Every structure is written in C-alpha cells, then in structure tokens.
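Trainee: One structure follows; several queries about it will come next.
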DNA sequence: GTCTATAGTGCGATAGAC
DNA sequence: GTCTATCGCACTATAGAC
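Residue numbers (the numbering used here), protein chains in the order written: chain X, 34 to 232; chain F, 34 to 232.
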C-alpha cells in the first residue's frame with residue numbers, strides 16, 4: 034500500500050500528510066528506474082507533490098533518503114548489548130546483538146535489500162554514506178561496551194568485531210543464490226572469525 | 034611513479050611546476066586555518082597560482098586533496114600479503130602486513146597526522162571519504178588473501194581483521210599523550226582482539 | 001577555459017493546529 | 001498568542017559538460 038491510499042480528513046489538512054514517506058517512496062522508485070545520479074531532487078520532490086526545499090527539511094541531503102533504517106538497526110544492536118547479562122563474555126554479548134540485528138532481516142526483506150544494495154553499489158557517494166552509518170553504529174556499540182566496563186581498546190575492538198561480522202554476513206545474505214538465513218550466516222561468520230584470529 | 038617525481042626543466046615550463054604539490058600544501062594550510070567548509074576550491078587554486086579547473090584536473094573532488102597517501106598504504110599492505118610465505122597462517126600474514134604499514138608512520142609523522150585527523154574529524158564528509166579509503170583497502174586485502182587460496186568469507190574476515198587493528202591502533206597513536214610507537218600499538222591491539230574473540 | 005546544472009543554505013511569509 | 005510544516009525565492013559552491 035502506498036501513502037496515497039491513506040484516508041485522511043481533507044477539510045483540516047493544508048497539505049497532503051506524510052510528506053516524508055511520499056518522498057522516500059518517490060526516491061526509491063525513481064532511483065531504481067533511472068539511476069541515483071540521473072534522478073534530481075527536484076524530480077523526487079515533484080513526484081511527491083512538494084517543493085525541493087521541503088525535501089531538504091526532511092533529509093539532510095540527497096543520500097540520506099536511502100538511509101533511515103539506520104536508527105532501528107542501531108537500537109537493536111545497542112539495546113541488546115545494554116540488556117545483556119552483566120558478566121557475560123564479550124563474544125557472548127556480540128552473538129546476542131547479532132541475533133537481535135538479524136531479526137530485522139527476515140527472508141521476505143531479502144529481495145528489497147538486494148535492490149537497494151544494487152543502487153548503493155552503483156554509486157561511490159552512497160557507499161561512503163553506508164560506511165559512515167556503519168562507523169556510527171560501531172561507535173555507539175563501543176560506547177555500550179564501555180558502559181559495561183570494558184576498557185579501551187578492547188571496547189572498540191569488540192564493537193568492530195560485531196560490525197565486521199554483520200557486514201560480511203550481510204554481503205553474503207544479499208549475494209546471488211544465497212539461501213541461508215541472516216542469523217545462520219552471522220553465526221557461521223563468527224565461527225570463521227574465531228578460527229582466523231586463533232591461528 | 035607519481036607526477037611529483039618528474040624532474041622538470043624550469044626553463045621549458047610555461048607554468049610553475051608541481052601544481053599538485055602546491056595545491057595540496059595550499060589546501061592543508063587553508064583548511065587548518067579557516068576550516069574545511071569555509072575554504073573554497075577557488076581560494077585553494079588562487080593560493081596555488083592556478084585556476085579552479087586545474088584543481089579538478091589533479092583531484093577528482095575537493096575532499097580528495099587530503100587523501101593521496103592512500104596508494105602507498107595500500108601497496109604496503111597488499112605487498113606484504115603477496116610477498117608472505119605461502120603456508121604462513123592468516124594471522125601471521127596480518128602481523129607482517131601491519132608491520133609494513135607501521136613503517137609508514139614513524140614518530141616524526143605523528144604531529145602531522147594529528148593535525149590532519151583534526152581536520153577530518155571536524156567534517157562528516159571527510160570522515161566518509163576516509164572510511165571509503167579504508168573499505169577500498171579492505172577489498173584489496175581480501176583480494177590478496179583470495180589469491181593466497183583463502184575462501185570466502187574467510188578472506189574478507191581476515192582482511193577486515195587487519196584493517197580494524199590498523200584503524201584502532203591508528204586512533205590510539207594520534208590520541209593526546211600517547212607515546213607508544215604505531216607498531217607496538219598494532220601488536221598490542223592484535224593481542225587484545227585475539228583475547229576478545231577467543232572468549 | 002567557459003558555461004551551466006544541481007546540491008544545498010538562509011530567511012521571510014503563510015496558514016492551519018492548539 | 002505559539003508552534004509547526006510548508007512555500008518561495010535568492011544565493012553560493014561544486015562538479016561536470018562543452
């Protein structure tokens with residue numbers, strides 16, 4: 034269902050509601066169709082029925098329209114670390130956090146994730162933004178581990194470990210023909226990493 | 034070999050030679066002085082005695098002027114992996130690669146690295162570019178490990194391990210009051226990471 | 001080397017909700 | 001009256017096209 038199908042009371046509203054959702058939907062459609070670079074902000078705004086200026090009120094820049102799932106992912110990760118048992122070993126907490134994150138990527142999201150990844154992979158600027166989001170996530174995780182009493186650089190290294198496993202497992206999850214669940218791929222990658230570092 | 038190494042005969046040159054070096058020097062000075070955002074490309078070009086157009090012929094975009102050490106770093110990392118003994122364990126190769134990289138950061142470079150890090154830290158766009166460079170480095174490392182016969186996802190996980198240790202050790206190296214050498218910090222971080230993942 | 005499209009900012013005006 | 005979302009317009013800098 035698209036935003037346009039929402040029933041609302043026209044008599045009280047000065048503008049169509051839900052401008053942010055309309056902008057995101059319009060952007061995704063236009064990017065998938067004509068490519069990220071060839072799609073202008075003016076075009077997105079026009080499609081969503083607002084002005085360019087309104088686009089920039091909802092999104093700090095053109096790239097940001099593709100990255101608003103970030104908050105939920107970070108909450109899942111950090112929430113799991115914060116909620117974990119106080120004397121659990123770091124890698125146990127990492128595994129719990131990865132399970133919490135994996136819940137956000139059920140099988141039915143895989144097709145969408147692949148399409149979105151295609152758009153991002155085709156544009157270096159979007160890759161940069163994706164990496165910044167992962168770095169922000171890493172920083173938030175390191176904070177959470179420090180609040181659990183881990184010192185530096187252990188807190189940072191643990192946070193990086195979690196995000197690297199997530200990153201590598203995600204790349205596998207969206208690769209062609211891959212069937213395994215995201216949670217399974219995370220567990221498998223964690224085990225592989227343990228083997229590598231133990232050598 | 035880069036353009037910087039070319040020997041010019043000044044008598045034959047229509048322009049002052051070494052425009053790229055002058056542009057980089059001008060940019061660093063102006064960024065440190067007035068901040069990255071408030072410094073325009075026009076200003077950098079004027080200071081270096083060339084036109085704006087010339088700036089963009091030497092650097093793909095405004096940010097790139099801060100990131101040309103990248104090639105040497107990547108060569109050090111990848112070269113060490115490629116040159117390593119064929120049956121050395123992955124973590125042994127990682128340690129060798131980190132030693133090769135550490136050679137690029139002698140004590141006398143620390144002050145400069147701190148100043149540059151301050152500029153980058155103050156601007157999200159520059160952080161994005163730095164992260165993209167690290168990701169490119171990771172990809173190149175993963176390739177080198179695959180050429181050594183490592184399968185996926187082990188090759189990627191090993192490459193990420195090396196870059197994470199580098200990244201965390203670098204952050205420590207430029208932190209205030211830090212005295213230890215970059216190589217020592219790498220070794221120490223590697224050991225910490227081993228302890229974390231073994232838990 | 002010039003020209004121009006596009007991203008992104010600053011600010012005042014407007015109109016409805018509360 | 002205040003708050004919030006929008007418009008509208010003028011403006012700058014980057015970056016790419018020609």
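We put the CB at the ideal spot given by N, CA and C, even for glycine. Fair warning: this is a prediction, and the values are worked out from it, not measured in the lab.
Hey, how far is the Cα of residue 75 (chain F) from the Cα of residue 87 (chain F)?
Mentor: Their backbone Cα atoms lie some 10 Å apart in a straight line.
Trainee: Quick check: the Cα distance between residue 57 (chain X) and residue 102 (chain X), rounded to an integer number of angstroms?
Mentor: Cα to Cα, the separation comes out at about 12 Å.
Trainee: Return helix, strand or coil for residue 212 (chain F), following the three-state DSSP convention.
Mentor: If DSSP states are grouped into helix, strand and coil, residue 212 (chain F) belongs with coil.
Trainee: Does DSSP put residue 232 (chain F) in a helix, a strand or coil?
Mentor: Three-state DSSP puts residue 232 (chain F) in coil, outside helix and strand.
Trainee: By how many angstroms is the C-alpha of residue 53 (chain X) removed from the C-alpha of residue 171 (chain X)?
Mentor: Cα to Cα, residue 171 (chain X) sits roughly 27 Å from residue 53 (chain X).
Trainee: The alpha helix (DSSP H) spanning residue 81 (chain F) covers which residue range?
Mentor: Its alpha helix (DSSP H) spans residues 74-81.
Trainee: Residues of chain X with CB closer than 7 Å to the CB of residue 205 (chain F), please, in chain order.
Mentor: Those are 186, listed as they occur along chain X.
Trainee: In whole angstroms, give me the CA-to-CA distance for residue 63 (chain F) and residue 166 (chain F).
Mentor: Cα to Cα, the separation comes out at about 23 Å.
Trainee: State the CB to CB distance for the pair residue 136 (chain F) and residue 110 (chain F), rounded to an integer number of angstroms; the pair is presumed to be in contact (CB under 8 Å).
Mentor: About 11 Å; that fails the 8 Å criterion.
Trainee: Within a Cβ cutoff of 7 Å, which residues of the same chain sit near residue 65 (chain F), ignoring the five residues on either side of it in sequence?
Mentor: For residue 65 (chain F), where only same-chain residues beyond five positions count, the Cβ hits under 7 Å are 148, 152.
Trainee: Ignoring anything shorter than 4 residues or poking outside the segment 82-134 of chain F, list the alpha helix (DSSP H) runs there in chain order.
Mentor: Runs of the alpha helix (DSSP H) inside the segment 82-134 of chain F: 85-91, 103-116.
Trainee: Under a Cβ-count criterion, where at least 16 other Cβ atoms within 10 Å of its own Cβ denotes burial, should residue 225 (chain X) be classed as buried or exposed?
Mentor: With 16 or more other Cβ atoms within 10 Å, it is buried.
Trainee: Quick check on residue 236 (chain X): buried or exposed, where buried means 16 or more other Cβ atoms within 10 Å of its Cβ?
Mentor: In this structure chain X extends from 34 to 232, so residue 236 (chain X) is not present and cannot be described.
Trainee: Distance check for residue 158 (chain X) and residue 59 (chain X), CA to CA, integer angstroms please.
Mentor: Roughly 20 Å separates the two Cα atoms.
Trainee: With a 10 Å radius around its C-beta and 16 neighbouring C-beta atoms as the bar for buried, classify residue 44 (chain F) as buried or exposed.
Mentor: Any reading at residue 44 (chain F) needs caution, since the residue's pLDDT is 46, under 50, leaving its predicted position unreliable; the model's value is listed next. Per the 10 Å Cβ criterion, exposed.
Trainee: Scan the segment 116-133 of chain X for residues whose Cβ lies nearer than 8 Å to a Cβ of chain F and list them as they occur along the chain.
Mentor: Listed in sequence order: 122, 123, 124, 125.
Trainee: Grouping DSSP H, G and I as helix and E and B as strand, with all else coil, what is residue 136 (chain F)?
Mentor: Reduced to three states, the DSSP call for residue 136 (chain F) is coil.
Trainee: Run through the segment 160-223 of chain X for me and flag every whole alpha helix (DSSP H) of 4 or more residues, listed as ranges in chain order.
Mentor: Taking only runs of at least 4 residues, the alpha helix (DSSP H) segments lying wholly in the segment 160-223 of chain X are 187-206.
Trainee: Within 10 angstroms of its Cβ, does residue 161 (chain X) collect 16 or more other Cβ (buried), or is it exposed?
Mentor: Classification of residue 161 (chain X): buried, given that the 10 Å Cβ count is 16 or more.
Trainee: When the Cα atoms are used, what is the spatial distance from residue 120 (chain X) to residue 78 (chain X)?
Mentor: Roughly 51 Å between the two C-alpha positions.
Trainee: Nearest-angstrom Cα distance between residue 223 (chain X) and residue 85 (chain X)?
Mentor: When rounded, the distance between both Cα atoms is 44 Å.
Trainee: For residue 55 (chain X) and residue 230 (chain X), what's the separation of their Cα atoms in angstroms?
Mentor: C-alpha separation (whole angstroms): 46 Å.
Trainee: What whole-angstrom Cβ distance do residue 191 (chain X) and residue 183 (chain X) have, given they're in contact under 8 Å?
Mentor: Yes, they are in contact, since the Cβ atoms of residue 191 (chain X) and residue 183 (chain X) sit about 6 Å apart, within 8 Å.
Trainee: CB residue 215 (chain F) to CB residue 138 (chain F), shorter than 8 Å?
Mentor: For residue 215 (chain F) and residue 138 (chain F), yes; Cβs fall inside 8 Å.
Trainee: Could you confirm whether any beta carbon from chain X is found closer than 8 Å to the beta carbon of residue 225 (chain F)?
Mentor: At least one chain X Cβ lies under 8 Å of residue 225 (chain F).
Trainee: Check residue 151 (chain F) in the structure and name its three-state DSSP category.
Mentor: It is helical.
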